[in-house]
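To keep things clear, I will list the structure first and then write my remarks on it.
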Amino acid sequence: MSNITLMTFPNTIQYLHFYQIAYSLGTFWACDNFMIIVMSLYILSAL
Numbered sequence: 001m002s003n004i005t006l007m008t009f010p011n012t013i014q015y016l017h018f019y020q021i022a023y024s025l026g027t028f029w030a031c032d033n034f035m036i037i038v039m040s041l042y043i044l045s046a047l
């Protein structure tokens with residue numbers, strides 16, 4: 001999903017950078033739903 005989003009919305013690079021930081025901190029498993037909501041809001045704002 002992230003790769004498709006990256007190819008469709010170049011502006012998502014900033015989000016993916018934040019996503020990688022959160023993943024490296026090991027918070028991905030705890031913030032999975034939050035990340036999905038944030039990505040949806042970010043895509044909507046990018047449009």
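Numbering-wise, the sequence shown is residues 1 to 47 according to the UniProt record's numbering. By construction, the Cβ of each residue, glycine as well, lies at the ideal position given by its N, Cα and C atoms.
Is the separation between the beta-carbon of methionine 39 and that of alanine 22 shorter than 8 Å? Note that the C-beta distance between methionine 39 and alanine 22 is not below 8 Å.
On the three-state DSSP scale, how would you describe leucine 41? It is helical.
Give me the Cα-Cα distance between leucine 47 and leucine 25, rounded to the nearest whole angstrom. If I take the Cα positions, the gap works out to 29 Å.
Could you tell me the distance, in whole angstroms, from the CA atom of leucine 41 to the CA atom of phenylalanine 18? For leucine 41 and phenylalanine 18, the distance between alpha carbons rounds to 14 Å.
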